[in-house]
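Participant: Before we start, here is the structure in question, set down as structure tokens.
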Amino acid sequence: MGTPLKIGIAGLGNVGTSVFQLLKQHATLVADRTQRPMTVTAVSARTQGKDRGLDLTKVKWHDNPVDLANDKDVDVVVELMGGSGGAAFDLIKQALGNNKPVVTANKALLALRGGEVLALLKNSKGTISYEAAVAGGIPIIKGLREGLAANQVRAVYGILNGTCNFILSEMSSSGRDFADVLVEAQAKGYAEADPSFDIDGIDAGHKLAILSGLAFGCVPDFSTVQTKGIRNISSLDIEFARELGFRIKLLGIAQQTDRGIEQSIEPCLVPKTSPIAHVEGALNAVYVDGDYVGKVLMMGAGAGGNPTASAVVSDLIDVARGRTLPLLGTQNPQPLKSANINERIGSYFLRLIVLDQPGVIADVSAILRDCTVSLESVLQRGRSPGQPVPVILTSHETPEGNMLKAVGLIGKLKSVVKPPYLMRIEMFGQKPS
Ligand code: HSE
1 MGTPLKIGIA GLGNVGTSVF QLLKQHATLV ADRTQRPMTV TAVSARTQGK
51 DRGLDLTKVK WHDNPVDLAN DKDVDVVVEL MGGSGGAAFD LIKQALGNNK
101 PVVTANKALL ALRGGEVLAL LKNSKGTISY EAAVAGGIPI IKGLREGLAA
151 NQVRAVYGIL NGTCNFILSE MSSSGRDFAD VLVEAQAKGY AEADPSFDID
201 GIDAGHKLAI LSGLAFGCVP DFSTVQTKGI RNISSLDIEF ARELGFRIKL
251 LGIAQQTDRG IEQSIEPCLV PKTSPIAHVE GALNAVYVDG DYVGKVLMMG
301 AGAGGNPTAS AVVSDLIDVA RGRTLPLLGT QNPQPLKSAN INERIGSYFL
351 RLIVLDQPGV IADVSAILRD CTVSLESVLQ RGRSPGQPVP VILTSHETPE
401 GNMLKAVGLI GKLKSVVKPP YLMRIEMFGQ KPS
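Here you go:
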């Protein structure tokens with residue numbers, strides 16, 4: 001048996017607590033697999049006295065997390081504080097400055113400051129591992145960086161936020177409202193500290209930026225990800241989508257095109273027969289489409305203490321084994337060349353709330369015609385002369401810019417009484433049933 005690997009953990013929330021417990025419960029298993037026992041020697045968290053159900057009596061406490069990086073009894077720093085600025089960045093910088101490996105779950109930091117992190121790594125013998133930063137317990141970082149490393153990746157896409165998937169699944173199965181289900185997701189511990197990170201697509205956007213970086217050998221750049229969340233989805237949309245043969249999912253999609261890399265987080269209609277339509281609750285699912293392997297799907301728990309701890313400890317196992325890999329799977333990551341999303345081709349679902357009166361659909365169709373958008377279907381439910389009623393339109397494939405222009409003009413019609421709501425229909429090469 002080799003020398004013990006001494007671990008310092010910054011952040012003892014859900015994930016930090018689970019990491020601590022896993023390392024205790026699986027001490028023998030982990031030591032057998034690495035030939036090095038692992039021991040948590042030091043921790044840092046916001047509140048020292050809090051009862052976390054952990055025995056911290058033999059563990060050194062640091063009020064300042066950065067001190068973990070300077071502690072001679074810490075070989076590897078586990079950063080579980082989150083956030084792209086402040087203490088998390090300072091800790092990582094100090095650890096790398098001291099040539100220590102870092103394991104982190106910090107997606108925001110990698111997605112927003114990937115270039116700076118790469119620069120720090122250049123001058124350090126330390127490493128950064130980040131399996132827990134994307135899709136919780138799903139080993140998608142290893143999947144892309146190792147198992148699929150022989151492929152030219154065409155696209156990576158999927159469900160990257162457990163909170164949103166939970167909310168959409170619950171709204172769909174129970175007909176409950178968005179706000180009501182959000183409270184339940186928070187109570188279950190899926191949601192980020194600031195729930196807008198989940199429901200506005202920011203958390204998923206951070207994850208997609210990292211996946212893009214790995215898939216395409218680029219420096220992650222969150223500013224190039226178009227993000228749209230789920231807060232404006234109504235139960236009406238879910239019902240109409242179902243009637244048309246679809247489910248609504250918040251998807252992250254990154255694909256290589258001739259124009260550069262398209263990256264978006266947005267609610268999409270997916271065929272009810274597609275595997276992704278059946279990913280329910282807080283689960284995540286990620287597809288990688290590679291030129292030799294074809295499509296590979298990984299699915300599992302994308303949030304929660306234990307699944308995320310599984311990912312963190314898998315990185316610690318790599319550290320104990322002395323395995324190192326380039327951060328983004330390449331020695332020479334390039335700046336990301338982003339494609340203009342307005343040129344993306346797709347078909348669309350458009351929900352309008354219009355006054356029930358003659359000529360409204362004619363006005364809407366005239367705008368679509370002028371913007372060269374071809375209609376596939378029009379659905380109206382109910383009859384209330386002069387009153388607002390929902391009308392759902394679906395389009396044939398069209399450049400997104402044309403559709404956006406049409407939606408802008410339709411929203412200005414007097415008979416359209418609420419802002420129109422647009423969603424992409426993502427067919428994954430299938431035909432609707
Ligand atoms: N809040 C995230 C989610 C989990 O709901 O998926 C951590 O990334």
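Position one of the sequence shown corresponds to residue 1 (this note's numbering), numbered consecutively onward.
Glycine included, every Cβ here is placed at the ideal spot set by N, Cα and C.
None of the values given here were measured: they were computed from a predicted structure.
(1) Fully enclosed by the stretch 156-193, which alpha helix (DSSP H) runs are 4 residues long or longer?
(2) Using a 10 Å radius around the Cβ and a threshold of 16 neighbouring Cβ atoms, would you call T372 buried or exposed?
(3) Give the C-beta separation of V312 and V15 to the nearest angstrom, bearing in mind that I take them to be a contact with Cβ-Cβ under 8 Å.
(4) Around the C-beta of K249, are 16 or more other C-beta atoms found within 10 angstroms, so that it is buried, or is it exposed?
(5) With which residues is E79 paired in a DSSP beta bridge?
(6) Quick one: Cα of R36 to Cα of M1, how far?
(7) Taking only heavy atoms of ligand 1 into account, decide whether any of them is closer than 7 Å to the Cβ of T227.
(8) Given that a residue counts as buried once 16 or more other Cβ atoms are within 10 Å of its Cβ, and exposed if not, what is R344?
(9) Under three-state DSSP, which class holds T398?
(10) Taking 7 Å as the cut-off, is the CB of G162 close to at least one heavy atom of ligand 1?
(11) Quick check: the stretch 241-256 against the stretch 157-168, are there 3 or more CB pairs under 8 Å?
(12) Determine whether the beta carbon atoms of L327 and V103 lie at a separation below 8 Å.
(13) If you reduce the DSSP assignment to three classes, tell me which class R323 lands in.
(14) Rank V134, S212 and L375 by C-alpha distance to the C-alpha of S264 and give the top, closest one.
(15) Put F240 into one of helix, strand or coil per three-state DSSP.
(16) Which residue wins for smallest C-alpha separation from A209, given the options P335, F349, T163 and I92?
(17) For R154 and Q256, which I take to be in contact (beta-carbon distance under 8 Å), what is that distance rounded to the nearest angstrom?
(18) Could you tell me the distance, in whole angstroms, from the CA atom of S196 to the CA atom of D32?
(19) In chain order, what residues of the same chain have a beta carbon less than 6 Å from the beta carbon of S173, not counting five sequence neighbours either side?
(20) Once you ignore the five residues that flank V117 on each side, which residues in its own chain have a CB closer than 6 Å to its CB?
(21) Assuming contact is defined by CB atoms lying nearer than 8 Å, are V286 and L148 in contact in what I supplied?
(22) Please name the residue in L121, G126, G114 and A406 whose C-alpha comes closest to that of N99.
(23) Can you grab the Cα-Cα spacing for the pair M423 / L350, in whole Å?
(24) Is it true that the CB of A133 sits closer than 8 Å to the CB of N106?
(25) When the Cα atoms are used, what is the spatial distance from N460 to V417?
(26) Would DSSP call M423 helix, strand or coil?
(27) Using 7 Å as the cut-off, classify the Cβ of G200 as near or not near the heavy atoms of ligand 1, replying yes or no.
Facilitator: In this structure, then:
(1) Runs of the alpha helix (DSSP H) inside the stretch 156-193: 162-174 and 178-187.
(2) Only exposed fits T372, as fewer than 16 other CB atoms lie within 10 angstroms of its CB.
(3) Sure, about 7 Å apart at Cβ, within 8 Å.
(4) Counting C-beta atoms within 10 angstroms of its own C-beta, K249 has 16 or more neighbours from the protein chains shown and is therefore classed as buried.
(5) DSSP lists A10 and T104 as partners of E79.
(6) Cα to Cα, R36 sits roughly 6 Å from M1.
(7) Not so, every heavy atom of ligand 1 lies at least 7 Å from the Cβ.
(8) Its Cβ being crowded by 16 or more others within 10 Å, R344 is buried.
(9) Residue state, collapsed to three classes: strand.
(10) Yes, the beta carbon of G162 sits closer than 7 Å to at least one heavy atom of ligand 1.
(11) Output reads yes: the stretch 157-168 touches the stretch 241-256.
(12) In this structure, L327 sits away from V103, with a CB-CB distance that is not shorter than 8 Å.
(13) DSSP, read as helix, strand or coil, puts R323 in coil.
(14) Proximity to S264 across V134, S212 and L375 peaks at S212, based on C-alpha coordinates.
(15) Looking at F240 - three-state DSSP - the assignment turns out to be helix.
(16) Comparing Cα-Cα distances from A209 to each of P335, F349, T163 and I92, the minimum goes to P335.
(17) For a cut-off of 8 Å, the C-beta gap from R154 to Q256 is around 6 Å, short enough to register as a contact.
(18) Rounded to whole angstroms, S196 to D32 spans 42 Å at the Cα level.
(19) Answer for S173: no residue qualifies.
(20) Annotation for V117: no residue places its beta carbon closer than 6 Å to its own, counting only its chain and skipping 5 residues before and after.
(21) Cβ atoms of V286 and L148: not closer than 8 Å.
(22) If we check each option's Cα against that of N99, G126 comes out closest.
(23) Their backbone Cα atoms lie some 6 Å apart in a straight line.
(24) With respect to the 8 Å criterion, N106 and A133 are classified as neighbours on the basis of their beta carbons.
(25) With the chain covering 1 to 433 only, the question about residue 460 has no answer from this structure.
(26) Three-state DSSP puts M423 in a strand.
(27) Checking the displayed sequence, the identity of residue 200 turns out to be Asp instead of Gly. For ligand 1, not one heavy atom lies less than 7 Å from the Cβ of D200.
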